[in-house]
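Chain order of the listed sequences is A and B.
Taken in order, the first sequence gives residues 38 to 507; the numbers are from my numbering.
Taken in order, the second sequence gives residues 38 to 507; the numbers are from my numbering.
The beta carbon of each residue, even a glycine, is placed where N, CA and C say it ideally should be.
There are 2 protein chains.
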Amino acid sequence: MQNGAPSSPVQYAPIDDHLAAELAKRFGPAFSRLDADLQTASEDASGLRRRPEAVLFAKSVEDIQEIVHLANLHEFAVTPRGAGTGLAGGALAEHGGVVVSLAGRNRILDVDPVNMLAVVEPGAVTGRIRKAARAKGLFYPPDPASLDKSTIGGNVATDAGGPACVKYGVTRDYVLGLEAVLPGGDLLRAGVATRKGVVGYDLTRLLTGSEGTLGIITKLILKLIPHPRAVRTALALFPDPGKAVAAVGAVMNSGVTPSCVELMDNRCLTLVAELLPFPLRGGQTSLLLVETDGDEASAESDMACVVAACTQMSAMEVLPAGDPTAREKMWEVRRQISTRIHDAAALYMSEDVAVPLAYIPELIASVQMLEREFGLTVYAFGHAGDGNIHLNIIAETLDPDTRERMDRLVERILNTVLNLNGTISGEHGLGIAKKRYAPLELSPASLTLQRGIKKLFDPNMILNPGKIFP
Amino acid sequence: MQNGAPSSPVQYAPIDDHLAAELAKRFGPAFSRLDADLQTASEDASGLRRRPEAVLFAKSVEDIQEIVHLANLHEFAVTPRGAGTGLAGGALAEHGGVVVSLAGRNRILDVDPVNMLAVVEPGAVTGRIRKAARAKGLFYPPDPASLDKSTIGGNVATDAGGPACVKYGVTRDYVLGLEAVLPGGDLLRAGVATRKGVVGYDLTRLLTGSEGTLGIITKLILKLIPHPRAVRTALALFPDPGKAVAAVGAVMNSGVTPSCVELMDNRCLTLVAELLPFPLRGGQTSLLLVETDGDEASAESDMACVVAACTQMSAMEVLPAGDPTAREKMWEVRRQISTRIHDAAALYMSEDVAVPLAYIPELIASVQMLEREFGLTVYAFGHAGDGNIHLNIIAETLDPDTRERMDRLVERILNTVLNLNGTISGEHGLGIAKKRYAPLELSPASLTLQRGIKKLFDPNMILNPGKIFP
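Below is the structure:
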């Protein structure tokens, strides 16, 4: 295979005073070395920190082409960044250099109700795009938990998922076309403005999920669909997490496709007990938050199928949301879990595995055994309907021994997942946080090809280096 | 860009008697130079002919790895082939060498109702997979017109579409994972067996739609969904093709997503007049064949929305299919059109353009003008609901002047499509037939990258050479 071997680690040039002066002259106040800006750009939602040497608040496509051009010339690293809500460190400057903030490139250029598509800049917040579509009767389904903050560019870069993806598919399924500045500085136009298109290789989807390593997205053409007219929401209570996950398969096999099937295990529920619309009876109670949508009649009849499946699978009770306020409260429970786990732990690792539906019970049982073996606590919640379970491992202390135990537990969990025919990341990506695990899932042939693609796009390895590949 | 420039045309070694003897020794009777086999392998549904020098009926993955290995060693071309139903010559041996038939690798290895996926070999006929899924209450939606003959491997290689794609998406949306023999001989495993997965670059979708130029698919993991329980079908009659296509936007914007919106213009209808369940009144009558599906209630209420939209947009009449037999008759009309156009013409070219919904009327009006300008006849039918219109240009004579006029008309049509923000191929691919038009749609930067990807995967250019790239 040509170009297969990774080049030896590139040495990146520092942004010294001389270079900084050149950049400041070129970009004016959009180029910053202010401590506050570097501080903000040094964090995302992964808990990792990497301080860049400078931040460029991109004002135009030309700015992006120019910084990439200068990076190739001077050999410094460039890392694109949206809202910094990523969970794997994908937007952090692993090798210093310049973070290019796309947050200011946030226009919704068009929401076209006839052609049912949106044209947006990468810094547009996903929630805003959803609202703009909704106002015209249309629906942009992908709904990562961060949607009120995260940008569409970041969503596309990580191929973000969310609860609605069990019915509607992931971000990738809604990207029809894109424009991106390639690492060499050329502007790439890929994809189409139509539902279909098969002209040449699928560069649109190659860039989608590439975590900002193959190009800096500057424009997106998104597919929209008619907004469902009605939704039904319910909480199904199960006596223990094993019974809750056993019901997931039955719900998904009930002949209808629910628009969300979210799991919250007993550990998660103890953290949000005061928010629950029922008293926590016994320590093992676990929940499925389920929704169906469509027109009034089908949302209702689909929910009847889902409820029947839950009841059949030993649900103790199914509580419907009687009105939008009750629905909002149920979602508040789900949304609070991440934050509360984070707050409760000294040390915290978030895994994002997915397994085929039939193997979720086995995964949960294995995790319970591993918890005991390693003396650590694992919270399980997330998008059970597509097998994508967020496993949050926490420890009360920060000592090296605990960290090492946690690392070993993570590796055991990931191997378990792969033995169950699953994937080590359903929707967060590898970034910095998980790149060392890539070889567990990807074969040498696959990694060689992927490194070759990276080198083809970015011969000088200036764009978002240090990500994905171990 | 590294590897960007196309290498000078490769000289391929002939399969001479010496080499043929070596291959026959290695593969036994699976290796054929029989005239009948070469004849069959020299055709597809494009009308083009390219005679290979030999055919290998692959019996195993190892066979495929071995032929690829020998092709690199001896520098002959290898072209993968399913059922030969492609419309762009993608499975034809443009540079001679060995056609590798996957038709015998046709097992449906698993249809898993719990995990809602199918695992299949590339030679499995798509219609068989759909039936096997249906038997377990599941649905594999992509439905190219050729589905009773075409293989899933070919469908994936071309990212095939079909009428149902307007609601359910294209083949790509149902490929979760795959295995493929790379041009270097390694077996690549890409993708997942879950609904989600974001580990590394999306090689699954890079191979999907790559027309057999990046790898020979040996196994596929397909996503299945619950089978809709009910369907409603109707024919909407319009006084002329312009009014029919004007209604498409209204139907798609009616707030529901129909499961098919197929156009048949007045020219097409004259060819199938005796099959129509109504008398052809006037020469301009044009049809939309529409369907809705879901549960009984929503299929019914969605159809009511679609009918209302058609009536609003000057439909003269909407004829519902009262029973499965009536439905079957309506589909027979649609299916016969391709064949009858083909039979009616001395010279025949099939275009497969797609434009955003709002521009279909403009496309049809432009085509009508161009027909007059060039003195040629264009039949328009196909998947209007996603803007994907098959334009079939015919001539009664075969002389060089007519062919040249036809070529010029095609180029004018394709430029019109691109000016309307469309694509020159919605679902058939470029293959040999349309590769010369690739630069109309793809920028130099894009073509350079794509050629680089091809060279990275296939440094000796042995796999399916002469396709996609001009």
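Original post:
Based on the DSSP output, what are the partners of THR116 of chain A in its beta bridges?
Top reply: To locate residue 116 of chain A, count along the first sequence from 1; it is residue 79. Under DSSP, THR116 of chain A shares a beta bridge with A:VAL136.
**OP:** Tell me, please, whether the CB atom of GLN487 of chain A is closer than 8 Å to any CB atom in chain B?
**Re:** Here residue 487 of chain A corresponds to residue number 450 of the first sequence, with the count starting at 1. Output row for GLN487 of chain A: interface = yes.
**OP:** Determine whether the Cβ of MET289 of chain B lies closer than 8 Å to any Cβ atom of chain A.
**Re:** Taking the second sequence and counting its residues from 1, the one referred to as residue 289 of chain B is at position 252. Nearest CB-CB separation between MET289 of chain B and chain A: below the 8 Å threshold.
**OP:** Can you check the stretch 57 to 83 of chain A for any alpha helix (DSSP H) of at least 4 residues that lies completely inside it and give the ranges in chain order?
**Re:** Counting only runs of 4 or more, we get 72 to 78.
**OP:** Assuming ALA328 of chain A contacts ARG269 of chain A (C-beta within less than 8 Å), just tell me the rounded distance between them.
**Re:** What you label residue 328 of chain A is simply residue 291 of the first sequence in a count that begins at 1. What you label residue 269 of chain A is simply residue 232 of the first sequence in a count that begins at 1. According to the sequence as given, residue 328 of chain A is Glu; it is not Ala. Rounded to the nearest angstrom, the Cβ distance from GLU328 of chain A to ARG269 of chain A is 7 Å, consistent with a contact under 8 Å.
Original post:
Relative to the alpha-carbon of GLY23 of chain A, which residue among A:PRO178, A:ALA381, A:ALA73 has its alpha-carbon at the smallest distance?
Top reply: There is no way to answer for residue 23 of chain A, as the model of chain A reaches only from 38 to 507.
**OP:** Note down the Cα distance separating VAL212 of chain B from LYS491 of chain B, rounded to an integer number of angstroms.
**Re:** Taking the second sequence and counting its residues from 1, the one referred to as residue 212 of chain B is at position 175. Taking the second sequence and counting its residues from 1, the one referred to as residue 491 of chain B is at position 454. Between the alpha carbons of VAL212 of chain B and LYS491 of chain B lies a gap of roughly 21 Å.
Subject >> Start and end residues, beta strand (DSSP E) containing ARG226 of chain A >> reply: As a first step, residue 226 of chain A is located in the first sequence; it is residue number 189 there, counting from the start. Segment 224 to 228, the beta strand (DSSP E) holding ARG226 of chain A.
Original post:
On the three-state DSSP scale, how would you describe ILE499 of chain B?
Top reply: For the purposes of this step, residue 499 of chain B is identified with residue 462 of the second sequence, where counting begins at 1. Reduced to three states, the DSSP call for ILE499 of chain B is coil.
Original post:
So, using beta-carbon positions, are LEU493 of chain B and LEU484 of chain A closer together than 8 Å?
Top reply: Along the second sequence, one-based indexing puts residue 493 of chain B at 456. Along the first sequence, one-based indexing puts residue 484 of chain A at 447. Not closer than 8 Å, so no.
Subject >> Option in A:ASP223, A:SER187, A:GLY221, A:LEU486 with minimal Cα separation from THR208 of chain A >> reply: By one-based count along the first sequence, residue 208 of chain A stands at place 171. Considering only alpha carbons, the answer is A:SER187.
Original post:
So, is LYS168 of chain A buried or exposed, given that buried needs 16 or more other C-beta atoms within 10 angstroms?
Top reply: Your numbering for residue 168 of chain A matches position 131 in the first sequence. Exposed: under 16 other Cβ atoms inside 10 Å.
Subject >> Length of the line joining the Cα atoms of LEU60 of chain B and PRO159 of chain B >> reply: As a first step, residue 60 of chain B must be located in the second sequence, where it is residue number 23. As a first step, residue 159 of chain B must be located in the second sequence, where it is residue number 122. Their backbone Cα atoms lie some 23 Å apart in a straight line.
Original post:
Does DSSP classify MET367 of chain B as helix, strand or coil?
Top reply: The count along the second sequence starts at 1 and reaches residue 367 of chain B at position 330. Shown here, MET367 of chain B sits in a helix according to DSSP, grouped into three states.
Original post:
TYR474 of chain A by DSSP, collapsed to three states: which one?
Top reply: If you number the first sequence from 1, residue 474 of chain A lands on position 437. Residue state, collapsed to three classes: helix.
**OP:** Could you check the C-alpha separation between GLY466 of chain A and MET443 of chain A for me, to the nearest Å?
**Re:** As a working note, residue 466 of chain A is residue 429 in the first sequence. As a working note, residue 443 of chain A is residue 406 in the first sequence. C-alpha of GLY466 of chain A to C-alpha of MET443 of chain A: approximately 20 Å in a straight line.
Original post:
For ASN152 of chain B and chain A, any beta-carbon pair shorter than 8 Å?
Top reply: On the second sequence, residue 152 of chain B is found 115 positions in, with the first residue counted as 1. Interface residue, yes.
Original post:
Just to confirm, are VAL282 of chain A and ILE397 of chain A a CB contact at a threshold of 8 Å?
Top reply: Position 245 of the first sequence holds residue 282 of chain A. Position 360 of the first sequence holds residue 397 of chain A. For VAL282 of chain A and ILE397 of chain A, yes; Cβs fall inside 8 Å.
**OP:** Select from B:ALA73, B:VAL137, B:ALA114, B:LEU175 the residue whose C-alpha is nearest the C-alpha of PHE94 of chain B.
**Re:** Start at 1 with the first residue of the second sequence, and residue 94 of chain B comes out as number 57. Among B:ALA73, B:VAL137, B:ALA114, B:LEU175, the Cα nearest to that of PHE94 of chain B belongs to B:VAL137.
Original post:
What residues match up with CYS297 of chain A in a beta bridge as DSSP calls it?
Top reply: Walking along the first sequence from the start, residue 297 of chain A turns up at place 260. Answer by DSSP bridge pairing, in chain order: A:GLU328.
Original post:
Shorter than 8 Å from the beta carbon of GLN403 of chain A to some beta carbon of chain B?
Top reply: Within the first sequence, numbered from 1, the residue matching residue 403 of chain A stands at position 366. Correcting the residue identity first, residue 403 of chain A is Ser in this sequence and not Gln. Closer than 8 Å: no.
Original post:
In its own chain, which residues sit with a C-beta less than 8 Å from the C-beta of ASP196 of chain A, not counting the 5 before and 5 after it?
Top reply: Here residue 196 of chain A is taken as the residue at index 159 of the first sequence, counted from 1. For ASP196 of chain A, where only same-chain residues beyond five positions count, the Cβ hits under 8 Å are VAL207, THR208, ARG209, THR245, GLY246, GLU464, GLY466.
Subject >> 8 Å Cβ shell around GLU369 of chain A - same chain, five flanking residues per side excluded >> reply: Sequence index remark: in the first sequence, residue 369 of chain A carries index 332 (1-based). Excluding sequence neighbours, GLU369 of chain A sits near LEU312.
Original post:
Below 8 Å, can you find three or more Cβ-Cβ pairs linking the stretch 382 to 396 of chain B to the stretch 422 to 437 of chain B?
Top reply: Yes, they touch.
Subject >> Below-8 Å beta-carbon distance, THR371 of chain B vs any chain A residue >> reply: Position 334 of the second sequence, counted from the first residue, corresponds to residue 371 of chain B. Per the sequence shown, residue 371 of chain B should be read as Arg rather than Thr. Closer than 8 Å: no.
Original post:
If you check the beta carbons only, do LEU129 of chain A and GLY190 of chain A fall under 8 Å apart?
Top reply: If you number the first sequence from 1, residue 129 of chain A lands on position 92. If you number the first sequence from 1, residue 190 of chain A lands on position 153. In this structure, GLY190 of chain A does not lie closer than 8 Å to LEU129 of chain A by Cβ.
Subject >> As assigned by DSSP and simplified to three states, the class of MET350 of chain A >> reply: Here residue 350 of chain A is taken as the residue at index 313 of the first sequence, counted from 1. In the structure shown, MET350 of chain A sits in coil (DSSP, three-state: anything other than H, G, I, E or B).
Original post:
Between the beta-carbon of PRO200 of chain A and the beta-carbon of GLU299 of chain A, is there less than 8 Å?
Top reply: Counting from 1 along the first sequence, the entry for residue 200 of chain A is found at position 163. Counting from 1 along the first sequence, the entry for residue 299 of chain A is found at position 262. Annotated as proximal: PRO200 of chain A and GLU299 of chain A, with beta-carbon spacing under 8 Å.
Original post:
Does the stretch 234 to 254 of chain A come within contact of the stretch 235 to 244 of chain B, defined as at least 3 CB pairs closer than 8 Å?
Top reply: Touching, yes, given that three or more Cβ pairs across the two stretches are closer than 8 Å.
**OP:** Within the same chain, show all residues whose beta-carbon is closer than 7 Å to that of VAL218 of chain A, passing over the 5 residues directly before and after it, in chain order.
**Re:** Locating residue 218 of chain A in the first sequence gives position 181, counting from the first residue. Contacts found: VAL98, ILE101, GLN102, VAL105, LEU224, GLY252, ILE253, THR255.
**OP:** In the DSSP assignment, find the unbroken alpha helix (DSSP H) run with ASN546 of chain A in it and report its ends.
**Re:** There is no way to answer for residue 546 of chain A, as the model of chain A reaches only from 38 to 507.
Subject >> Simplified DSSP state of HIS111 of chain B, which is helix, strand or coil >> reply: The residue you call residue 111 of chain B lines up with position 74 of the second sequence. It is helical.
Original post:
Between which two residues does the beta strand (DSSP E) carrying ARG167 of chain A extend?
Top reply: Along the first sequence, read from residue 1 onward, the residue named residue 167 of chain A stands at position 130. Membership of ARG167 of chain A in any beta strand (DSSP E) is not indicated; the residue belongs instead to the alpha helix (DSSP H) covering 163 to 171.
**OP:** Note down the Cα distance separating LYS472 of chain A from ILE505 of chain A, rounded to an integer number of angstroms.
**Re:** As a working note, residue 472 of chain A is residue 435 in the first sequence. As a working note, residue 505 of chain A is residue 468 in the first sequence. Take the alpha-carbon of LYS472 of chain A and the one of ILE505 of chain A: they are about 5 Å apart.
Original post:
When DSSP labels each residue in this structure, what does VAL203 of chain A get in the three-state scheme?
Top reply: For this step, residue 203 of chain A is matched to residue 166 along the first sequence. DSSP places VAL203 of chain A in helix when its eight states are reduced to three.
**OP:** For ILE450 of chain B, go through chain A and note every residue whose CB falls closer than 8 Å to its CB, in chain order.
**Re:** Locating residue 450 of chain B in the second sequence gives position 413, counting from the first residue. Chain order gives no chain A residues near ILE450 of chain B, where near means a beta carbon separation below 8 Å; the closest approach is about 15 Å.
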